Ligand code: GAL
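In our numbering, the protein residues as written are 11 to 373.
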């Protein structure tokens, strides 16, 4: 029996300054559900069937707002499920030059700026409206980041539409405009564990990435500027490989990052529009995730900084490697690498980006 399609809104507590936070839950006719909270535009929960039809949580997060605002979370700064802006990943030395002017952005991971700083879009309370279209239900979030916010130029008006359809596809559509030249690189920082959140390591998950090249990083995770082939390295995921298979090979890039935490350059055909970037299979549950995007790259991150200080939705501890992130993006530190695809947005232009997370059970 198909379940009724539904959008619900519930109060999800308040921030220390009294600002109320809401949680929207989208449920499709197959019983898959997605919850998004207005704080950080954060994906708080994704529940999807396994091969036996049982619905389970596959997203790392917390059952209560306090999980996202407490001291332990602030110290660990994992950005669970959050919208990331204005600039996903790192900007070297918290500094870039645009049209001859130098801008300084927060150095929250010395010596660099990470994910827009300590008060990025993941800390904003977004306005929300419900959207219904065909077999899809959604919530459209909006946020205006004022000129000079976290050091970035231009008033940036951002909307993000999360939508769930009856084909178990969760899509995220980002758009933004500015009134001064600026740089933008938006993404979502969902961590997945297809065996179930809190069930342990993702090392047995099989991953495939449609990418022949990546951008190696230096000692502080900033791209060196090189674009290297993945061939003959543990970063070669052109065919399905288990995450744990080559993690301990001693490859310098992996040792440096404590696991996978790199920007893969997608083998797009050159056509604009959505292209498959990544596929993930989890053998025990049979769950599969396919990530498609309009972006040129993807950060595949294996939760290397999860250090056991956080306990998630099911009350179980999150240890290193207990989740994986697939952050669709432009390349890290692009404003300081003119040969990387541009992240500059100018007045009159509209930034647009779409990523689709499609779930299935392969067997
Ligand atoms: C990733 C980044 C990691 C880490 C993580 C948040 O996007 O590549 O190095 O900072 O976010 O903990």
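C-beta atoms are modelled at their ideal positions from N, C-alpha and C, and glycine is treated no differently.
Predicted model only: the values in this text are computed from it and were never measured.
- Ranked by how close their Cα comes to the Cα of residue 223, the residues 75, 247, 210, 231 have 247 in first place.
- Residue side-chain check: residue 129 keeps its Cβ at 7 Å or more from all non-hydrogen atoms of ligand 1.
- Assignment of beta-bridge partners to residue 172 by DSSP yields 149, 182.
- Inter-segment contact for the region 72 to 82 and the region 16 to 28 is present: three or more beta-carbon pairs are separated by less than 8 Å.
- Residue 101 is positioned such that its CB atom lies no closer than 8 Å to that of residue 198.
- Looking at the DSSP output, residue 221 bridges to 276.
- Judged by the Cβ position, residue 87 qualifies as a neighbour of ligand 1 at the 7 Å threshold, a heavy atom of the ligand being closer than this.
- Between residue 213 and residue 333, the C-beta gap is not smaller than 8 Å, which leaves the two residues out of contact.
- In the DSSP assignment, residue 245 falls outside any beta strand (DSSP E), carrying neither H nor E.
- For residue 300, the enclosing beta strand (DSSP E) begins and ends at 297 to 303.
- Nearest to residue 218 by C-alpha distance, out of 200, 360, 189, 251, is 251.
- Of the candidates 60, 108, 355, 127, 127 places its Cα closest to the Cα of residue 84.
- Residue pairing of residue 263 in beta bridges, as defined by DSSP: absent, with no partner found.
- By the C-beta density criterion, residue 258 is exposed, having fewer than 16 other C-beta atoms within 10 angstroms.
- In this structure the region 33 to 49 lies against the region 155 to 174, because at least three pairs of beta carbons, one per stretch, are closer than 8 Å.
- For residue 83, there is no enclosing beta strand (DSSP E); the enclosing alpha helix (DSSP H) covers residues 81 to 86.
- Residue 69 is positioned such that its CB atom lies no closer than 8 Å to that of residue 51.
- Taking 8 Å as the cut-off, the Cβ atoms of residue 366 and residue 295 do not count as close.
- In this structure, the CA atom of residue 291 is about 30 Å from the CA atom of residue 18.
- Contact between residue 206 and residue 67 holds, since their C-beta atoms are separated by about 6 Å, short of 8 Å.
- In the three-state DSSP reduction, residue 232 falls in the coil class, being neither helix nor strand.
- Looking at the DSSP output, residue 94 bridges to 197.
- Per DSSP, residue 67 is one residue of the beta strand (DSSP E) stretching across 65 to 67.
- Looking at the DSSP output, residue 334 bridges to 202.
- The beta carbon of residue 343 sits closer than 7 Å to the beta carbons of 100, 101, 102, 232, 233 from its chain, once the five residues preceding and following it are set aside; these are given in chain order.
- Only buried fits residue 272, as 16 or more other CB atoms lie within 10 angstroms of its CB.
- Residue 261 counts as exposed, since fewer than 16 other beta carbons sit within 10 angstroms of its beta carbon.
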